[in-house]
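Input: a single structure, listed below in structure tokens.
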Amino acid sequence: MKFKIIFILFNIVVVFSFLIVILMPFFMLGGVYSQEFFKDSWYLFLVFIFAIGSIDTYFIINWKMFSLLESENWDDLVLHLENSIYVKKNIYTYLVKILANTYLIKSDMPGILKLEDYLRKVKPLLLKKMVIPLSVPKFIDGDPEKLEVFFGEFINLKGVNKAVWVRFLYSFSLLLNNKRDEAANSLLVLCNTKVPSILKLMVLYSLNPFSELDKEGKFNCVEAGKRELRSSYKKETMELELESIKDNVLVLVLNKFSKEAIDWLYKE
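Residue numbering for the sequence shown is 2 to 269, as defined by the numbering used here.
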């Protein structure tokens, strides 16, 4: 119901605003001058019709999907999206992302694995946009080798969504596989790169054991980064920073690790 009301109000406001713009010359300049204006600006009608028509068409085509999202009817939403993607072959990025997120809401790991397998067969380029949600079953499976292989596939590709997070998780999987030197080198790339503060913290925390044994100054970025974060963020602020990105499934998976990192940063 809310979606329908928003759709109707949107059209009313847009049409009303356009009428004001179009009729203003008539009221301010009079009939004769307004005719000249309309002759020179007739294309505005076409632009408006095309714009409002495109937006309305998008919403009408996806009306059922938006209605199911509004009602949080996840089972029917999955059926609807699976039919669109697997049967009708409408493999659009936004539909695939919504289906993956719905699988996550339902904790349907086989569904995510099925989606990954399907994309690899029919649209492998789309995998770069879906690395994070597609990684969740591998975290739950608890096999670090699978994690390393999966994330390693994308760390050197261009156009990967949330590429810095992907590199961190690749580094994290290397640590889980006891490949310490490779993990350290990969993490150092992030340590010397501008990344979101909460990710920076996790990078520093991961590198701290290396820093404590460092005699060559290779890991100086750890102490420097630690001082920078402590001077820029209070502990409460950093905790809010973590809470603010709870939609990031990576933070959900690494929730305990990220909280340990915050405690480490502010430990006296």
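Ideal Cβ positions, reconstructed from N, Cα and C, are used throughout, including at glycine.
Please state whether the Cβ-Cβ distance between residue i and residue j is less than 7 Å.
| i | j | result |
| --- | --- | --- |
| Ile86 | Ile92 | yes |
| Met203 | Ala262 | yes |
| Leu205 | Gly218 | no |
| Val223 | Asn209 | yes |
| Ser207 | Leu230 | no |
| Lys124 | Thr94 | no |
| Ile199 | Leu243 | yes |
| Phe17 | Phe60 | no |
Helix, strand or coil, according to DSSP, for residue i in the structure here?
| i | result |
| --- | --- |
| Asn256 | helix |
| Glu261 | helix |
| Asn12 | helix |
| Ile156 | coil |
| Thr238 | helix |
| Lys139 | helix |
| Met66 | helix |
| Glu217 | coil |
| Val1 | No statement about residue 1 is possible, as the shown extent of the chain runs from 2 to 269 and does not include it. |
| Tyr267 | coil |
| Lys3 | helix |
| Lys130 | helix |
Would you give the residue range spanned by the alpha helix (DSSP H) that residue i belongs to?
| i | result |
| --- | --- |
| Asn221 | Asn221 to Ser233 |
| Asn102 | Thr94 to Ile106 |
| Lys147 | Pro145 to Gly153 |
| Gly112 | Met110 to Val123 |
| Tyr44 | Tyr44 to Ile62 |
| Ile1 | With the chain covering only 2 through 269, there is no way to say anything about residue 1. |
| Leu82 | Trp75 to Glu83 |
| Tyr171 | Ala164 to Leu177 |
| Glu183 | Arg181 to Cys192 |
Could you tell me which of the options sits nearest to residue i, measuring between CA atoms?
| i | options | result |
| --- | --- | --- |
| Ser174 | Ser198, Lys139 and Thr194 | Lys139 |
| Asn162 | Leu255, Arg181 and Ser136 | Ser136 |
| Pro145 | Lys180, Leu126, Ser55 and Val88 | Lys180 |
| Leu177 | Leu148, Pro210, Leu230 and Val88 | Leu148 |
| Pro134 | Gly143, Ile113 and Glu154 | Ile113 |
| Glu83 | Val150, Arg231, Leu120 and Cys222 | Leu120 |
| Val254 | Asp182, Ser233 and Gly143 | Gly143 |
| Phe49 | Phe19, Trp265 and Tyr234 | Phe19 |
| Phe151 | Ile62, Lys201 and Val132 | Val132 |
| Lys201 | Lys90, Ser259, Leu126 and Leu128 | Ser259 |
Leaving out five residues before and five after residue i in sequence, what residues of the same chain have Cβ atoms less than 7 Å from its Cβ?
| i | result |
| --- | --- |
| Tyr156 | A small fix is needed here, since residue 156 is Ile in this sequence, not Tyr. Correct list, in chain order: Val167, Arg168 and Tyr171. |
| Trp75 | Thr103, Ile106 and Lys107 |
| Lys236 | Ile263 and Tyr267 |
| Asp1 | Any question about residue 1 goes unanswered here, given that the chain covers just 2 to 269. |
| Val15 | Ile53 |
| Phe211 | Ala185 and Phe220 |
| Gly153 | Tyr171 |
Considering only residues of the same chain and omitting the five flanking positions on each side of residue i, which have a CB-CB separation below 8 Å?
| i | result |
| --- | --- |
| Leu127 | Ile92, Thr94, Val97 and Leu120 |
| Arg65 | The sequence as given places Lys at residue 65; Arg does not occur at that position. Around Lys65: His81. |
| Val79 | Leu100, Thr103, Tyr104, Lys107, Asp109 and Gly112 |
Within the same chain, show all residues whose beta-carbon is closer than 6 Å to that of residue i, passing over the 5 residues directly before and after it, in chain order.
| i | result |
| --- | --- |
| Met239 | Ile263 |
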